[in-house]
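K.L.:
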Amino acid sequence: MIIERDRPDCFSDFIRLNEVWITEHFEIEAMDRHLSEDPGRVLREGGHIFSATIDGIVVGVAALFRDGPDQFELARMAVEPAYRGRGIGRALALAALQKARDEGAIRVSLGSNTKLAPAIALYRSLGFTVVREGAHPEYARCNIVMALDL
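Going by my numbering, the letters in the sequence shown line up with residues 37 to 186, in that order.
1. Helix, strand or coil for Phe47? Go by DSSP, reduced to three states.
2. Output the distance between the C-alpha atoms of Ala132 and Met113, rounded to the nearest integer angstrom.
3. Among the residues of its own chain, which have a CB less than 6 Å from the CB of Ile38, if the five just before and after it don't count?
4. Across the stretch 126-141 and the stretch 69-77, are there enough close Cβ pairs to call them in contact, namely three or more that are closer than 8 Å?
5. Nearest-angstrom Cα distance between Pro105 and Glu139?
6. Rounded to a whole number of angstroms, what is the C-alpha to C-alpha distance between Ala183 and Glu174?
7. Just the Cα atoms here: how many angstroms apart are Ala66 and Arg122?
What follows is the structure, given as structure tokens:
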């Protein structure tokens with residue numbers, strides 16, 4: 037497995053894999069459509085898009101959204117269903133956290149949903165703790181916010 041960062045040729049896979057996991061559990065929301073129209077804005081706004089490839093095929097993606105001068109949001113982590121359970125999500129998260137550290141971040145947050153038990157377990161194993169539970173102002177599917185102080 038190879039983890040790479042900020043490859044525009046992987047943006048379509050970023051959109052596709054996110055649509056897969058979102059529609060598997062939830063509905064596409066306005067913010068999802070907005071990001072799908074221009075994933076390059078993540079980079080222009082100081083963030084990063086990560087891709088995991090196996091044999092040249094993108095099997096996982098994640099993003100770091102810049103959330104202030106010393107903070108990021110880990111978001112849009114998705115793994116191709118046939119490749120889940122192989123440590124790809126962990127590898128993507130670790131690469132994203134290292135990049136956040138390299139850029140001087142002191143905190144990384146994320147929003148998720150408690151029904152995504154494997155994802156919540158992964159975040160906890162990486163040291164994320166719950167900051168808030170309940171409705172989120174931007175995403176209807178988000179009912180938990182977690183953070184990791186770096």
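Glycine included, every Cβ here is placed at the ideal spot set by N, Cα and C.
Nothing here was measured: the structure is a model prediction, and the numbers come from that model.
P.N.:
With the given structure in hand:
1. DSSP places Phe47 in helix when its eight states are reduced to three.
2. Taking the straight line joining both Cα atoms gives about 10 Å.
3. In chain order, Thr89 place their CB closer than 6 Å to the CB of Ile38, counting only its own chain and leaving out the 5 sequence neighbours on each side.
4. Between the stretch 126-141 and the stretch 69-77 there are fewer than three inter-stretch CB-CB distances shorter than 8 Å, so the stretches are not counted as touching.
5. Looking at the two C-alpha atoms, the distance is approximately 9 Å.
6. The C-alpha of Glu174 is placed about 17 Å away from the C-alpha of Ala183.
7. Approximately 31 Å between the Cα atoms of the pair.
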